[in-house]
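Working notes for the structure below.
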Amino acid sequence: MTDVFNKFKGSDGKLKEELRSNIKGIMSLYEAAHLRIHGEETLEEALVFTTHHPKEMVEHAATNKLSAHLIKQAVHALEQPLHTGIPRVETRHFISFYEKDEDRDEILLRFAKIDYSMVQILHQQELSHFCKWDISAIDKLPADFLKLVFRFVINVYDEIEKEMSKDGRPHAASYTKERVCFSTPIFS
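Position one of the sequence shown corresponds to residue 409 (our numbering), numbered consecutively onward.
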């Protein structure tokens, strides 16, 4: 499998230094390296190489004349590689990065946005079958451990709401909190 990556190696068997100037290539190789399995030396080397160089590129972004969206993409990838994140969240991030890419395929971008929106609508429809959260409903739960779980879930959503408020989007978490609940008769 890793033979595919041999074209990125020089005669000395190491990854070519000229790759350093290709941020898109580095980022693609970085994401691919996260799909490695134990023993794939080429991808292990690629991960070290591609982790170091994006950090360097971000630190020297002004001298490298990188566009703002490439810097954001590199920073995001270093914090959360695409394949290790929550697929739905990473899809949204990727779409927003891809739509700023000069080499984007408009048809593919449009398809991705339509697909994302259709799944979003499906989720909203599913959520509409649930009822509103109500902390007073905790007293109707039959067991103490259920009360503990319910309180924990509400606290998690409260924490998410605080974090989203820092990003200027408090409505995102509160909307979810208002629309999601357990589908049991005690919450209706």
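Yeah, the Cβ is synthetic: ideal placement off N, Cα and C, and Gly gets one too.
First and last residue of the uninterrupted alpha helix (DSSP H) at residue i
i, result
"residue 495", "495–506"
"residue 462", "449–467"
"residue 483", "476–487"
"residue 559", "552–574"
"residue 548", "Careful: residue 548 lies outside any alpha helix (DSSP H) and carries neither H nor E."
"residue 439", "431–441"
Span separating the alpha-carbon of residue i from that of residue j
i, j, result
"residue 424", "residue 485", "21 Å"
"residue 477", "residue 413", "27 Å"
"residue 428", "residue 532", "43 Å"
"residue 417", "residue 454", "10 Å"
"residue 558", "residue 441", "40 Å"
"residue 482", "residue 516", "22 Å"
"residue 537", "residue 524", "Confidence is the limiting factor: at residue 537 the pLDDT is only 49, short of 50, which leaves the residue's position unreliable and the question unanswerable from this model."
"residue 474", "residue 567", "35 Å"
"residue 572", "residue 565", "10 Å"
"residue 446", "residue 439", "16 Å"
"residue 490", "residue 562", "28 Å"
"residue 434", "residue 458", "6 Å"
"residue 436", "residue 560", "39 Å"
"residue 539", "residue 479", "Because residue 539 carries a pLDDT of 45, less than 50, the predicted location of this residue cannot be relied on, and the following value inherits that uncertainty. Roughly 42 Å separates the two Cα atoms."
"residue 496", "residue 426", "34 Å"
"residue 464", "residue 547", "55 Å"
"residue 550", "residue 577", "35 Å"
"residue 521", "residue 510", "17 Å"
For residue i: DSSP bridge partner residues
i, result
"residue 417", "423"
Residue environment, residue i, which counts as buried when at least 16 other CB atoms sit within 10 Å
i, result
"residue 528", "exposed"
"residue 505", "buried"
"residue 461", "buried"
"residue 450", "buried"
"residue 492", "exposed"
"residue 526", "exposed"
"residue 530", "exposed"
"residue 494", "exposed"
"residue 431", "buried"
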